[in-house]
Amino acid sequence: MNKIFIIIVFLAFIYAGWQQIIFVPGQADQMPMEILSKAMIDSAGAAVDLAIGLVGVMALFLGLMKVAEAGGMLTILAKLIRPLMVRLFPDVPPDHPAMGAMILNLAANALGLGNAATPFGIRAMQELDRLNPVKGEATNSMALFMAINTSSVTLLPTGVIALRAAAGSIDPAAILPTTLFATIGSTSVAIMAAKIYQRFFPQKQITHIKDSETGAKDSSTDDTLKDASDGYPLWVTLLALGILSSLIPVAILFGRSVSPWILPSLMVGFLGFGLVKKVQIYEVFVEGAKEGFQVALRIIPYMVAILVAVGMLKASGGLQIIVNALSSVTANFGLPAEALPMALMRPLSGSGAYAILASIINDPSIGPDTYTGLLVSTLQGSTETTFYVMAVYFGSVQIRRIRHALVTALTADVAGVLFAILACSLFLN
Numbered sequence: 013m014n015k016i017f018i019i020i021v022f023l024a025f026i027y028a029g030w031q032q033i034i035f036v037p038g039q040a041d042q043m044p045m046e047i048l049s050k051a052m053i054d055s056a057g058a059a060v061d062l063a064i065g066l067v068g069v070m071a072l073f074l075g076l077m078k079v080a081e082a083g084g085m086l087t088i089l090a091k092l093i094r095p096l097m098v099r100l101f102p103d104v105p106p107d108h109p110a111m112g113a114m115i116l117n118l119a120a121n122a123l124g125l126g127n128a129a130t131p132f133g134i135r136a137m138q139e140l141d142r143l144n145p146v147k148g149e150a151t152n153s154m155a156l157f158m159a160i161n162t163s164s165v166t167l168l169p170t171g172v173i174a175l176r177a178a179a180g181s182i183d184p185a186a187i188l189p190t191t192l193f194a195t196i197g198s199t200s201v202a203i204m205a206a207k208i209y210q211r212f213f214p215q216k217q218i219t220h221i222k223d224s225e226t227g228a229k230d231s232s233t234d235d236t237l238k239d240a241s242d243g244y245p246l247w248v249t250l251l252a253l254g255i256l257s258s259l260i261p262v263a264i265l266f267g268r269s270v271s272p273w274i275l276p277s278l279m280v281g282f283l284g285f286g287l288v289k290k291v292q293i294y295e296v297f298v299e300g301a302k303e304g305f306q307v308a309l310r311i312i313p314y315m316v317a318i319l320v321a322v323g324m325l326k327a328s329g330g331l332q333i334i335v336n337a338l339s340s341v342t343a344n345f346g347l348p349a350e351a352l353p354m355a356l357m358r359p360l361s362g363s364g365a366y367a368i369l370a371s372i373i374n375d376p377s378i379g380p381d382t383y384t385g386l387l388v389s390t391l392q393g394s395t396e397t398t399f400y401v402m403a404v405y406f407g408s409v410q411i412r413r414i415r416h417a418l419v420t421a422l423t424a425d426v427a428g429v430l431f432a433i434l435a436c437s438l439f440l441n
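Residues 13 to 441 in this note's numbering are what the sequence shown spells out, letter by letter.
Rendered as C-alpha cells:
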C-alpha cells in the first residue's frame with residue numbers, strides 16, 4: 013500500500029507539474045498546480061465528512077450483528093457448514109479443534125463479522141499447524157482454508173451497505189444478491205483450484221507423525237469451538253444450501269421489487285432472533301454500536317490518505333488518461349476503467365480498496381446506484397485482502413513455503429471479479 017500511495021501521488025504531481033510548465037495564461041481560470049492544491053484540501057475534508065457520516069450507519073449495522081452474534085447465530089451457521097467441511101478437509105479429524113475454528117471463521121465472514129473472523133482464522137491456522145508434518149510449509153488443508161477464506165460466501169456485507177447508505181444510495185442493499193452470487197461462484201472456483209494446484213506443488217514426504225506428537229489430542233478447546241465441532245445432519249445442510257442458492261435467481265429477477273424490503277426485514281429479523289434467544293437486546297445493540305463508532309473513526313486516516321491521492325490524480329488529469337487508455341479493453345469484459353483500480357487494490361489493501369470505493373460511489377458522475385457503483389460495491393463485498401490475510405494467518409505459524417496457497421487465492425480473486433461482473437449485469441438487466 014505504501015508503494016501504491018507514493019506512485020499515485022508522484023504521478024499526479026509530475027503530470028500536473030508538466031501541465032503547469034506548458035500552461036498558457038488565459039486558457040483556464042486556474043493553473044494546474046492551483047487546481048492540484050485545492051483538490052488536496054477538498055479531498056481531505058471530504059474524507060472526514062464521509063467517515064463522520066458513516067458513523068451512524070456503521071453503528072446501526074454492527075449493533076444488529078452483535079445481537080445476532082449474542083443469540084448464537086454464529087454457532088448455528090457453523091453447524092450448517094460442518095458436514096461439508098469434513099468432506100473438504102479429509103486430513104483434519106472431525107473432532108479436532110482446527111475444524112471448529114475454521115468453521116467459526118467462515119461463519120463469521122459470512123455474516124460480515126471481520127473482527128470475529130480474524131481471531132478464529134489465526135486459531136485455525138495454529139491448530140492446523142499441529143497436524144502439519146513439515147513445519148514451515150503449508151499443508152493442503154492450510155492452502156484450501158486460505159482460498160476459501162479469501163472467497164468465502166458472504167450473506168451480509170454490512171460495511172459496504174453502510175457506505176452505500178451514507179453515499180445516498182436509494183437501494184443500499186442491492187448488493188446482497190450480487191455479492192452472494194459472486195462469492196458462491198468464487199468459492200466454488202477456489203475449492204476446485206486448490207484441489208488441482210496441489211498436484212503441481214507436492215508437499216515433502218516424511219514419516220507419519222502420531223497425534224500425540226502433534227499435540228492434536230492435547231489441544232485445549234473452548235466452549236465455542238466445541239459447539240462448532242457438532243453439526244446438523246447432511247440433509248439439513250444440503251437443504252439450507254438449496255434454499256440459499258434458490259434465492260439468487262429470485263433476487264436477480266425480482267431484485268428491484270424485493271430490495272426495498274431487505275433492510276427493514278433484516279432489522280426486524282435480527283431483533284426478533286435476539287428476542288427468541290432471550291438476548292438483552294438493547295444493551296447488546298448499544299455495545300455493538302459502540303464498536304461501529306470506533307470502526308468508523310479508525311478508518312479516517314486511511315480514507316484521508318487514499319482519497320487525497322486519488323483526488324490529486326483526478327485533478328491533475330492523469331486519471332482521465334489512464335481511464336481512456338484502459339477503457340477500450342476492460343469495457344469489453346464489463347469492467348469499466350473507473351472500476352479497474354478497485355479490482356486491483358482489493359487483494360492488496362482492504363482500507364485502500366474501501367477508500368477507493370468511497371471515492372467512486374461519492375463521485376457525482378458515477379454514484380452508488382449506477383452499474384459501476386454497484387460493481388465496485390460488489391467487488392468490495394465479495395473479495396478479500398488476500399496478501400494481508402495470508403501475511404497474518406501464515407505469519408502466526410511461521411509458514412515460509414506457501415506452496416500453491418497464493419496462486420489459488422489469486423485465482424479465487426479473479427473469479428470473484430468475473431462473477432461480480434456477471435451478477436451486476438444480470439441484476440441491472
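C-beta: ideal position from N, C-alpha, C; glycine also.
Which residues share a DSSP beta bridge with Glu295?
Reading the sequence shown from its first residue, position 283 is the one you call residue 295. Looking at the DSSP assignment, Glu295 forms no beta bridge with any residue, so it has no partner.
Can we say the region 184 to 196 touches the region 381 to 399, given the rule of at least three CB pairs closer than 8 Å?
yes
Name the residue from Leu123, Val341, Ala370 whose alpha carbon lies nearest to the alpha carbon of Gly323.
Position 311 of the sequence shown, counted from the first residue, corresponds to residue 323. Comparing Cα positions, the closest option is Ala370.
Grab the span of the alpha helix (DSSP H) containing Asn161 for me, first residue to last.
As a first step, residue 161 must be located in the sequence shown, where it is residue number 149. 152 to 163 is the extent of the alpha helix (DSSP H) around Asn161.
If I follow the unbroken alpha helix (DSSP H) through Pro380, where does it start and stop?
Residue numbering aside, residue 380 sits at position 368 when the sequence shown is read from its first letter. Per DSSP, Pro380 belongs to no alpha helix (DSSP H) and is neither H nor E.
Would you decide whether Pro276 is buried or exposed? Buried here means 16 or more other CB atoms lie within 10 Å of its CB.
Your numbering for residue 276 matches position 264 in the sequence shown. Exposed, since its Cβ has fewer than 16 Cβ neighbours within 10 Å.
So, are the CB atoms of Val79 and Ile293 less than 8 Å apart?
By one-based count along the sequence shown, residue 79 stands at place 67. By one-based count along the sequence shown, residue 293 stands at place 281. Closer than 8 Å, so yes.
Beta-carbon proximity list for Gly83, same chain, < 6 Å, skipping 5 on both sides:
Residue numbering aside, residue 83 sits at position 71 when the sequence shown is read from its first letter. Around Gly83: Phe285, Gly286, Lys289, Val291.
Can you say whether Pro37 is buried or exposed, counting buried as having 16 or more other CB atoms within 10 angstroms of its CB?
Translated into the one-based positions of the sequence shown, residue 37 becomes position 25. So Pro37 ends up on the exposed side.
In angstroms with no decimal places, state the Cα-to-Cα distance between Leu253 and Phe22.
By one-based count along the sequence shown, residue 253 stands at place 241. By one-based count along the sequence shown, residue 22 stands at place 10. Cα to Cα, Leu253 sits roughly 49 Å from Phe22.
If contacts are defined as beta-carbon pairs under 8 Å, then Ser408 and Ile134 qualify, I think. What distance do you get, rounded to the angstrom?
Here the question's residue 408 lines up with position 396 in the sequence shown. Here the question's residue 134 lines up with position 122 in the sequence shown. Right, the Cβ-Cβ distance comes to about 5 Å (below 8 Å), so this counts as a contact.
Just to confirm my understanding: we take Gly227, look at its own chain, exclude 5 residues before and 5 after, and list those with CB closer than 7 Å. What are they?
Reading the sequence shown from its first residue, position 215 is the one you call residue 227. Below a pLDDT of 50, predicted positions are generally treated as unreliable, and Gly227, at 39, falls in that range; no measurement from the model is reported.
For Ala28 and Ile47, what's the separation of their Cα atoms in angstroms?
Position 16 of the sequence shown holds residue 28. Position 35 of the sequence shown holds residue 47. When rounded, the distance between both Cα atoms is 9 Å.
Closer than 6 Å by C-beta to Phe282: which residues in its own chain qualify, once you throw out the five before and the five after it? Chain order, please.
Position 270 of the sequence shown, counted from the start, is the residue given in the question as residue 282. For Phe282, where only same-chain residues beyond five positions count, the Cβ hits under 6 Å are Leu76, Val79, Ala80.
Let's test the definition: count the other Cβ atoms within 10 Å of the Cβ of Val298 and tell me whether it reaches 16, buried, or not, exposed.
Sequence index remark: in the sequence shown, residue 298 carries index 286 (1-based). It counts as exposed.
In terms of residue numbering, what span does the alpha helix (DSSP H) encompassing Val429 cover?
The residue you call residue 429 lines up with position 417 of the sequence shown. Run containing Val429: 417 to 440, per the alpha helix (DSSP H) assignment.
For Glu149, write down the residues that DSSP places opposite it in a beta bridge.
Within the sequence shown, numbered from 1, the residue matching residue 149 stands at position 137. Glu149 pairs with Arg413.
Assuming the contact rule is C-beta atoms closer than 8 Å, Met114 and Ala129 should be a hit. Round their C-beta distance to whole Å, please.
By 1-based counting over the sequence shown, the position of residue 114 is 102. By 1-based counting over the sequence shown, the position of residue 129 is 117. With 8 Å as the limit, Met114 and Ala129 do not qualify as a contact, their Cβ atoms being about 11 Å apart.
First and last residue of the uninterrupted alpha helix (DSSP H) at Lys207:
Start at 1 with the first residue of the sequence shown, and residue 207 comes out as number 195. Residues 187 to 209.
Considering only their Cβ atoms, is the gap separating Glu350 from Thr162 smaller than 8 Å?
The count along the sequence shown starts at 1 and reaches residue 162 at position 150. The count along the sequence shown starts at 1 and reaches residue 350 at position 338. Not in contact: Thr162 and Glu350 (Cβ atoms no closer than 8 Å).
Given this structure, state the Cα-to-Cα distance separating Leu168 from Arg415, to the nearest angstrom.
Sequence index remark: in the sequence shown, residue 168 carries index 156 (1-based). Sequence index remark: in the sequence shown, residue 415 carries index 403 (1-based). The straight-line gap from Cα to Cα measures roughly 32 Å.
Going by DSSP in three states, Tyr244 sits in which element: helix, strand or coil?
Within the sequence shown, residue 244 is the residue found at index 232, counting from 1. Three-state DSSP puts Tyr244 in coil, outside helix and strand.
Suppose the cutoff is 8 Å on Cβ atoms and the five residues either side in sequence are ignored; what does the same chain contact list for Ile433 look like?
Start at 1 with the first residue of the sequence shown, and residue 433 comes out as number 421. Phe345, Gly346, Leu347, Leu387.
For Val419, the nearest candidate out of Asn441, Ala51, Leu116, Phe212 (CA to CA):
Translated into positions along the sequence shown, residue 419 becomes position 407. Among Asn441, Ala51, Leu116, Phe212, the Cα nearest to that of Val419 belongs to Phe212.
Which same chain residues end up closer than 8 Å to Ile373 when comparing Cβ atoms and leaving out the 5 residues on each side of it in sequence?
To locate residue 373, count along the sequence shown from 1; it is residue 361. Only Leu175, Arg176, Ala179, Ser181, Gly379, Pro380, Gly385, Val388, Ser389 meet the Cβ criterion.
My assumption, with CB atoms under 8 Å, is that Ala321 sits in contact with Phe17. Please give the rounded CB distance.
In the sequence shown, residue 321 corresponds to position 309, counting from 1. In the sequence shown, residue 17 corresponds to position 5, counting from 1. Rounded, the Cβ-Cβ distance is 6 Å, consistent with contact.
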